[in-house]
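Take any residue in the sequence shown, count from 1 to its spot, add 871: that is its number in the numbering used here.
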Amino acid sequence: MPTPPPAGPLLTRDGIAAQLRLLGVEAGETLLVHSSLSSLGWVNGGAVAVVRALLDTLGPSGTLVVPTQTGDQSDPAAWANPPVPEEWWDRIRATMPPYDPAITRSLGVGVIPETVRTWPGALRSAHPQTSFAALGPRAAGIVDGHARDCRLGEHSPLARLERLGARVLLLGADYDACTSFHLAEYRIPSPLVSVGRPAPGGGWETVTEVSITSDRFDELGHDFERDRPVVRGTVGAAEARLFPVADAVAYAQRWLPVHRPREEEFQHPRV
């Protein structure tokens, strides 16, 4: 059977930039983007065109930030999608290459963040599992000093984005991808977990971290959008939302203890 034609709409770099401006993205701002390329439609130039459109919209004084997480830098005993045989675990731990900000590929965050990660001039934070990459004049101040024992807390780029007055753009992504909500988990009573990963110089290490989970973030996002100003629109076929990092963190800090109480968290800690 012949391959069906691609689904529309047809999008270009200039068209995406125009729609981002209509949504309210401003030149010179700092923007944390969670994205889904496939949700936009058929983009002429793919992820490269989307990144160029974002940079065009932000201008030379703006800064683009994306999550470049590497969930495979973790203990194979916890892998479930897909799992690996238990008899492989020790060998995997012994031979897993350590995280290198320059070459370790992002995983599970989409092709747009991976494109930003490899963009000329991009900087990337040092956390081996929950790094961020940034382009623009504020990039170094955002990604530098990401503590290795602080995935998404006070010593991560999220806290710096909050202080800078950055905004979040959900571009075809849902609230379960909103990393800003995780910063709130560090500001409420939360369980601690042991996290295994390859050590910087080779071998294996285990660190103690705050337990983070995106469970019920869809409900949290629904209530946040109901109660707080969130700019909504479309870019191509994708639903887009725009809001301050600080608003999301503050709302989640109040919402989580009520709707996802501490007792539930301590009974069911997750990584």
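Just so it is clear, CB atoms sit at the ideal spot from N, CA and C, and this is done for glycine as well. Just so it is clear, the structure is predicted and the values come from calculations on it, not from any experiment.
field: Where Gln1138 falls: helix, strand or coil (DSSP)
entry: In this predicted model, Gln1138 has a pLDDT of only 41, less than 50, meaning its place in the structure is not dependable; the value taken from the coordinates is given anyway. Note: Gln1138 maps to helix in three-state DSSP.
- request: Give the straight-line distance between the Cα atoms of Gln1124 and Ala1011, rounded to the nearest whole angstrom.
  value: 27 Å
query: Is there contact between the stretch 965-973 and the stretch 915-933, where contact requires at least three CB pairs shorter than 8 Å?
result: no
task: Please determine, among Arg1009, Leu1029, Pro1008, the residue with the shortest C-alpha to C-alpha distance to Ala1018.
output: Leu1029
- prompt: Under the rule that 16 or more other beta-carbon atoms within 10 Å means buried, what is His1130, buried or exposed?
  reply: exposed
Nonlocal neighbours in the same chain, by C-beta distance under 6 Å from Val1116, ignoring five residues either side: Leu1032, Glu1033, Ala1037, Val1039, Ser1051
message: Please give me, in chain order, every unbroken run of the beta strand (DSSP E) with length at least 3 that falls completely inside the stretch 1100-1135.
response: 1102-1106, 1109-1115
- prompt: Would you report the Cα separation of Ala878 and Trp913, rounded to the nearest angstrom?
  reply: 7 Å
- prompt: Any idea which residues DSSP pairs Arg995 with across the strands?
  reply: Ala1004
field: Cross-strand partners of Ser906 (DSSP beta bridge)
entry: Leu1042
message: I need the straight-line Cα distance from Ser907 to Cys1021, nearest angstrom please.
response: 26 Å
task: May I ask you to report which of helix, strand or coil DSSP gives Arg934?
output: In the sequence as presented, Arg is not what sits at residue 934; that position holds Thr. Strand at Thr934.
task: Mark Glu1136 as exposed unless 16 or more other C-beta atoms lie within 10 angstroms of its C-beta, in which case mark it buried.
output: Low local confidence applies: a pLDDT of 42 at Glu1136 is under 50, so the model's placement there is unreliable, and no value is given.
query: Which same chain residues, not among the five before or five after Pro999, have their C-beta less than 6 Å away from its C-beta?
result: Gln944, Tyr970, Arg1068
field: Own chain, CB closer than 6 Å to Ser1027, minus 5 neighbours either side, in chain order
entry: His1017, Cys1021
message: Rounded to whole angstroms, what is the Cα-Cα separation between Ile1059 and Pro875?
response: 50 Å
query: With a cut-off of 8 Å, do at least 3 Cβ pairs link the stretch 1066-1082 to the stretch 915-929?
result: no
- prompt: In chain order, what residues of the same chain lie with their CB nearer than 6 Å to the CB of Leu881, ignoring the 5 residues before and after it?
  reply: Trp913
message: Going by C-alpha to C-alpha distance, which of Ile983, Leu894, Val937 sits closest to Ala1111?
response: Leu894
- prompt: By how many angstroms is the C-alpha of Ile1013 removed from the C-alpha of Gly916?
  reply: 28 Å
- request: Using three-state DSSP, classify Val980 as helix, strand or coil.
  value: coil
- prompt: DSSP on Leu926, reduced to helix/strand/coil?
  reply: helix
query: Sorted by chain position, which residues of the same chain lie with C-beta nearer than 8 Å to Gly1073's C-beta, five sequence neighbours on each side aside?
result: Pro969
- prompt: Alpha carbon to alpha carbon, what distance is there between Gly1107 and Leu891?
  reply: 10 Å
- request: With a 10 Å radius around its C-beta and 16 neighbouring C-beta atoms as the bar for buried, classify Ile887 as buried or exposed.
  value: buried
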